[in-house]
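Colleague: Per our numbering, the very first residue in the sequence shown carries number 943; after that it's consecutive. Virtual Cβ for every residue (Gly too), placed ideally from N, Cα, C. Computed from a prediction, not measured in an experiment: that's the story for all the values here. Structure in structure tokens, see below.
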Amino acid sequence: MPTPPDSPSPNLSPYAGRWVAIVRGAVVGQGGTPEQALTAAKAARHKETPEIRFVPMNTSWNLPPLLERIRAALPARQPVYLVGGAVRDLLLQRPLHDFDFVLPGDTLKISRRLADRLGAAYYPLDAARETARVILMDEDGQHDVLDFAALRAPNLESDLRDRDFTINAMAMDLRAPGKLLDPLGGAADLRSKRLRACSPASMQNDPVRVLRAVRMAAAFNLHIDPETRQQMRAAVPGLTKISPERRRDEILKILNGPSPHTALRALDMLQALPAIFPELSSLKGVEDALYVQSGFCANQAAIPPLVGRGDVIFSDRLNHASIIDGCRLSGAKIIV
943 MPTPPDSPSP NLSPYAGRWV AIVRGAVVGQ GGTPEQALTA AKAARHKETP EIRFVPMNTS
1003 WNLPPLLERI RAALPARQPV YLVGGAVRDL LLQRPLHDFD FVLPGDTLKI SRRLADRLGA
1063 AYYPLDAARE TARVILMDED GQHDVLDFAA LRAPNLESDL RDRDFTINAM AMDLRAPGKL
1123 LDPLGGAADL RSKRLRACSP ASMQNDPVRV LRAVRMAAAF NLHIDPETRQ QMRAAVPGLT
1183 KISPERRRDE ILKILNGPSP HTALRALDML QALPAIFPEL SSLKGVEDAL YVQSGFCANQ
1243 AAIPPLVGRG DVIFSDRLNH ASIIDGCRLS GAKIIV
């Protein structure tokens, strides 16, 4: 219920980036999610109904200059939000060249107009779903990719809640770039190095997120939340119903990531390998001679069992690609 008008306004600055529960002008509970804040409030004031409110985080962003150019080129008063992995990478202070935006309104028209003003290439990706891509190239040949999409829900918060993981469910309003919009506590999860699904139905809604979770955990050195792990195991059978192209794309990202061996072991523990590598999983436990169909496969298969973490491989820069892949899969340190 709303806070009564005569209630004092509480100081919420200590709770930036958190959800708070307010009763008669006082904070009586807080947490990383609305549910946590409500639970804390009920423990303290079980007879009262609190107001649950998110406290935006005023973050000191190291914003790329390109964002200012985009903001200046947009129509006046047009709401546009930077979302997803781009916000996550800004918080991690990682280099950013892929930007995802959501906005209400005519997405295709607005993104085309933006491309014209920036002198960039414009590509409509899906007219029915109102998604488009704008690509800029600087003098050094570096590409910046801007993807635009219409809100997939009635409002921004609902759109964020429908996403895969909390660390990808944050947004920044280009009109107020110092304020982080984080309804699910993604920033807190990022600080805690925790990967958590946005909802109990996240994995069942799109089983390819099982692969994505493993990839992201390996790429960002995150631990997967126990409830999310349970959801992943339950969603594994659904991987066979995902299009081969989507499975392939995630698998290639895993193999090209920083710790493919860790990700593959995690998939094995989840019993997901039969759904994505049925031929490989059938060889598990076989003690017969190693069978491969080519020298390329032989190098990839033979090197990882021989070396691993704690080992150092001194590699020639001109090594065959199969040897390089085998070394990377092993997890050993490579010195060229």
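Note down the Cα distance separating Leu1033 from Gly1227, rounded to an integer number of angstroms.
Modeller: Each residue's Cα considered, the two are about 43 Å apart.
Colleague: Any idea what DSSP makes of Gln972, helix, strand or coil?
Modeller: Gln972 falls in the strand class under three-state DSSP.
Colleague: To the nearest angstrom, how far is it from the Cα of Val997 to the Cα of Glu1081?
Modeller: For Val997 and Glu1081, the distance between alpha carbons rounds to 41 Å.
Colleague: Considering Cα atoms alone, identify which of Gly974, Gln1146, Arg1071, Gln1213 is closest to Leu1123.
Modeller: When only C-alpha atoms are compared, the closest one is Gly974.
Colleague: Out of Arg1117, Tyr957, Ala968, which one is the CA nearest neighbour of Ser951?
Modeller: Measuring from the Cα of Ser951, the nearest candidate turns out to be Ala968.
Colleague: Less than 6 Å between C-beta atoms, sequence neighbours within five positions excluded: which residues of the same chain meet that for Ala1263?
Modeller: Excluding residues within five positions, none has a Cβ falling inside 6 Å.
Colleague: Could you tell me which of Ser1100, Gly1127, Ala1062 sits nearest to Glu977, measuring between CA atoms?
Modeller: Considering only alpha carbons, the answer is Gly1127.
Colleague: Note down the Cα distance separating Asn1163 from Lys1135, rounded to an integer number of angstroms.
Modeller: Each residue's alpha carbon lies about 7 Å from the other.
Colleague: Tell me which same chain residues have a C-beta within less than 6 Å of the C-beta of Arg1105, skipping the five on either side of it?
Modeller: Cβ within range, chain order: Ala1111, Cys1140.
Colleague: To the nearest angstrom, how far is the alpha carbon of Val1022 from that of Arg1103?
Modeller: For Val1022 and Arg1103, the distance between alpha carbons rounds to 18 Å.
Colleague: Ordered along the chain, which non-local residues of its own chain (more than five positions away) have a Cβ less than 7 Å from that of Leu1297?
Modeller: Residue 1297 lies beyond the range of the chain shown here (943 to 1278); nothing can be said about it.
Colleague: On the DSSP letters alone, give me the boundaries of the alpha helix (DSSP H) that Ile1052 sits inside.
Modeller: From DSSP, the alpha helix (DSSP H) with Ile1052 extends over 1049-1060.
Colleague: Can you list, in chain order, the residues of its chain with a C-beta nearer than 7 Å to that of Pro947? Leave out the 5 residues immediately preceding and following it.
Modeller: Since pLDDT at Pro947 reaches only 48, below the 50 mark, its modelled position is unreliable, and no value is offered.
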